[in-house]
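Worksheet: one structure, shown below.
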Amino acid sequence: MEVSKSKIKLYASLAQKKNRDALGLFVAEGTKCVGETLGAFALEALIALPEWLDEHGGMLRDLPKEAVYTASRLRMEQLSSLSAFSPVAAVYRVPKTCLPTSDELSGRLTLVLDGVRDPGNMGTIMRIADWFGITHIVASRDTVDIFNPKTVQATMGAIARVKVCYTDLVPFLEENKHLRRYGTLLEGRSIYDTELDTSGLVIMGNEGSGISESVRRLVDSPLLIPPYPAGAETVESLNVAMATAITVAEFRRRQIIR
Numbered sequence: 000m001e002v003s004k005s006k007i008k009l010y011a012s013l014a015q016k017k018n019r020d021a022l023g024l025f026v027a028e029g030t031k032c033v034g035e036t037l038g039a040f041a042l043e044a045l046i047a048l049p050e051w052l053d054e055h056g057g058m059l060r061d062l063p064k065e066a067v068y069t070a071s072r073l074r075m076e077q078l079s080s081l082s083a084f085s086p087v088a089a090v091y092r093v094p095k096t097c098l099p100t101s102d103e104l105s106g107r108l109t110l111v112l113d114g115v116r117d118p119g120n121m122g123t124i125m126r127i128a129d130w131f132g133i134t135h136i137v138a139s140r141d142t143v144d145i146f147n148p149k150t151v152q153a154t155m156g157a158i159a160r161v162k163v164c165y166t167d168l169v170p171f172l173e174e175n176k177h178l179r180r181y182g183t184l185l186e187g188r189s190i191y192d193t194e195l196d197t198s199g200l201v202i203m204g205n206e207g208s209g210i211s212e213s214v215r216r217l218v219d220s221p222l223l224i225p226p227y228p229a230g231a232e233t234v235e236s237l238n239v240a241m242a243t244a245i246t247v248a249e250f251r252r253r254q255i256i257r
C-alpha cells in the first residue's frame, strides 16, 4: 500500500517535540536503526522504498500488512529529518517510562544526565551506556528529548535497550542517598586515584556549564579526568560524551581487575 501525502506530512511533523508530545509518536530512520528497534516499540507504520521492501522482506515477516507502506523517493525525502534521506523509516508509539525502582538501581551503575542539550551527545551517551551494560539513564527535564530524530539516529539502536526517564534530579538524588553519587567536576579528585564502587549514580553535566549548582551539592564523590601530563596547557574541558565514555570505562575496568 502506498503512503498518502497526508501521512507523510503528519510523520514529518514529528521532527518537532511539541508534535511528538501531542501525538505520542516518533520516527526512526535507516536500515540499521529500524532493524534494531523493530519489536522494541509499538509500531504505527513502516514506510520504505519498494526496492528496500523487496530486499528486506524477511525483517517484516511478523509485521501487520496494514502498517507497511511503500513510498517514492520524493515522499521519503519529505519525511526525513536527516541531511540525506534513508530508504526506510519506522514510526513508533512513544513508550511510557517510569523511574527505575530501588531493585533496578541496587548493585549497578546508573547514569544521571543534568542538562545535556545536544542530540548527538545524547545519542552517543546512550550508545556508551549500551556498550558498557548500563540499562537506565535518569535525566533532568531540560535534557534533550531522546526521541528527537537526531538523537534516535545517533543511538544506532541503543534506544531499544537503554531506558531513559526524565525527572527533577534533586528529589531523585535525595531519595537515593543510600547510593554513592559520583559527579564529574573540575575540582574533583582524579578518577584514577579514587575508589570506585560497582554500583552508584554517575552524574554528567551540561556541555557548557557542567553540573548545576543544586545537583552539585548532592555529589558526594567528585571525580576529575586529569589531563596528561599533569599541569599541561590543554583545552578547557572534554566533550560530555567523551567524558562519559572515559568515566564509565574506568568503572568497568575496576570491576574486571577485581
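If you're matching positions, the sequence shown starts at 0 in numbering that gives the first Met the number 0 and goes up one per residue. Think of the CB as a built atom: it goes at the ideal place given N, C-alpha and C, for glycine as much as any other residue.
When DSSP labels each residue in this structure, what does residue i get in the three-state scheme?
| i | result |
| --- | --- |
| Ala89 | strand |
| Arg60 | coil |
| Met203 | strand |
| Lys149 | helix |
| Leu237 | coil |
| Gly38 | coil |
| Ser220 | strand |
| Ile190 | helix |
| Val214 | helix |
| Ala83 | coil |
| Ala159 | helix |
| Arg179 | coil |
| Tyr10 | helix |
Quick check: what's the CA-CA separation for residue i versus residue j?
| i | j | result |
| --- | --- | --- |
| Glu174 | Gly23 | 30 Å |
| Gly106 | Ile133 | 11 Å |
| Ser5 | Leu78 | 11 Å |
| Met58 | Leu195 | 42 Å |
| Asp113 | Asp53 | 44 Å |
| Asn238 | Pro221 | 18 Å |
| Ala14 | Asp192 | 44 Å |
| Ala242 | Arg251 | 14 Å |
| Arg74 | Gly199 | 47 Å |
| Pro118 | Asp167 | 20 Å |
| Arg160 | Leu37 | 12 Å |
| Ala229 | Ser236 | 14 Å |
| Val169 | Arg216 | 9 Å |
| Tyr227 | Lys149 | 33 Å |
Quick check on the burial criterion: 16 or more other C-beta atoms within 10 angstroms. Buried or exposed for residue i?
| i | result |
| --- | --- |
| Cys32 | buried |
| Glu28 | buried |
| Ser71 | exposed |
| Leu172 | buried |
| His177 | exposed |
| Leu45 | buried |
| Tyr91 | buried |
| Arg140 | exposed |
| Ser85 | buried |
| Trp130 | exposed |
| Leu110 | buried |
| Gly207 | exposed |
With residue i and residue j assumed to form a contact (beta carbons below 8 Å), what rounded beta-carbon distance in angstroms separates them?
| i | j | result |
| --- | --- | --- |
| Ala128 | Tyr165 | Not really, about 15 Å apart at Cβ, beyond 8 Å. |
| Tyr68 | Met121 | Not confirmed; about 29 Å, so no contact. |
Which residue marks the beginning of the beta strand (DSSP E) containing residue i, and which one marks its end?
| i | result |
| --- | --- |
| Lys162 | 162-166 |
| Glu28 | 24-28 |
| Ile136 | 135-139 |
Note the first and the last residue of the continuous alpha helix (DSSP H) segment covering residue i.
| i | result |
| --- | --- |
| Pro118 | 118-130 |
| Thr109 | Segment 108-112 is the beta strand (DSSP E) holding Thr109; no alpha helix (DSSP H) there. |
| Arg72 | 72-78 |
Can you determine whether any heavy atom of the ligand FAD sits closer than 6 Å to the C-beta of residue i, and answer yes or no?
| i | result |
| --- | --- |
| Asn205 | The ligand FAD is absent from the structure shown, which contains no ligands of any kind. |
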